[in-house]
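Novice:
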Amino acid sequence: MQNKFQRIITAVWQQPRFLAMFAIIWLIGIIISVGLVGFYQVRIAGMEETAQTKVALRAKEV
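What follows is the structure in structure tokens.
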């Protein structure tokens, strides 16, 4: 069973089309994850800034 499974994996792995598809999907996944992380970091930084400015404005009022 293990040998049959290994043969299937090597046969699929040797097909250049499958390898290209795998590489493209992998790259798209990395790009999307990096973009999401950057987007959330910017949003969190923006929220922290607005919170700080609100605190500063309240301090000026008092």
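In my numbering, each residue's number is its place in the sequence shown (first place is 1) plus 57.
Just so you know, even glycine gets a beta-carbon here, dropped at the ideal spot from N, CA and C.
Which of the three DSSP states is assigned to Met58 in this structure?
Specialist: For the purposes of this step, residue 58 is taken as the residue at position 1 of the sequence shown. Coil at Met58, not helix or strand.
Novice: By how many angstroms is the C-alpha of Glu105 removed from the C-alpha of Ala113?
Specialist: In the sequence shown, counting from the first residue as 1, residue 113 sits at position 56. In the sequence shown, counting from the first residue as 1, residue 105 sits at position 48. Straight-line Cα distance between these residues: approximately 12 Å.
Novice: Measure the alpha-carbon distance for Phe96 versus Ile88 and round it to whole angstroms.
Specialist: The residue labelled residue 96 in the question sits at position 39 within the sequence shown. The residue labelled residue 88 in the question sits at position 31 within the sequence shown. The straight-line gap from Cα to Cα measures roughly 12 Å.
Novice: Straight-line CA distance for Leu6 to Ile85?
Specialist: Within the shown structure, residues of the chain are numbered from 58 to 119, placing residue 6 beyond reach of any answer.
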